[in-house]
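Heads up, the thing below is written out as C-alpha cells.
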Amino acid sequence: KYMPEVPPHRVESFYHYMINGFHKPNFCIDISEYLSIKVEALEAYESQFSTGSDGVKTPLTEGYVETVVAREKMFGKEVG
C-alpha cells in the first residue's frame, strides 16, 4: 500500500469525457454559450490535428475539430 496511514477512499461518482467516437452519454451539460471558446482552444493545438510530414493519418487528423463540434451539436439537439 502506498500510504498505509491513509484510510481507503471510495468515490461516489466517476465522470469521464469521450475523446473519440459517439457513445450515448448518461447526462449532458449545455455548453452552447462556450462552444466557440472550445473550438478556439482546440484550434490552438492545430499541429495535433493535422497530418504531419510523415503523412500518418489518425482519428485526430481527419476533421477532428469538425467532428467534435458536430457531436456537441447533435447532443444539444437531442436534449433540447
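Note that the numbering used here gives residue 39 to position 32 of the sequence shown, counting from 1, and the numbers run on in steps of one. From the three backbone atoms N, C-alpha and C, an ideal C-beta is built for every residue, glycine too.
In terms of alpha-carbon separation, which member of Val76, Thr58, Ile26 lies closest to Thr68? Minimum Cα-Cα distance from Thr68 among the listed residues Val76, Thr58, Ile26 corresponds to Thr58.
Cα-Cα separation, Met25 to Val63: In this model, Met25 and Val63 are separated by some 23 Å (Cα to Cα).
Spatial neighbours of Leu49 within its chain, please: C-beta separation below 6 Å, excluding the five flanking residues on both sides. For Leu49, the CB contacts under 6 Å within the same chain, skipping 5 residues up- and downstream, are Val72 in chain order.
Kindly list the residues whose CB is nearer than 6 Å to the CB of Ile44, restricted to its own chain and excluding five residues on each side of it in sequence; keep chain order. Cβ contact annotation for Ile44 (same chain, cutoff 6 Å, sequence separation greater than five): none.
What did DSSP end up calling Thr68 once you bin it into helix, strand or coil? Coil.
6 Å CB neighbourhood of Cys35 in its chain, flanking five on each side removed: If the five residues before and after Cys35 are omitted, its C-beta is found closer than 6 Å to the C-beta atoms of Phe82, Val86, all from its own chain and listed in chain order.
Through-space distance from Pro32 to Glu19, alpha-carbon basis: Taking the straight line from one Cα to the other gives about 18 Å.
Return the chain-ordered ranges of every alpha helix (DSSP H) run that is complete within the region 20-67 and spans a minimum of 4 residues. Here the runs fully enclosed are 42-50.
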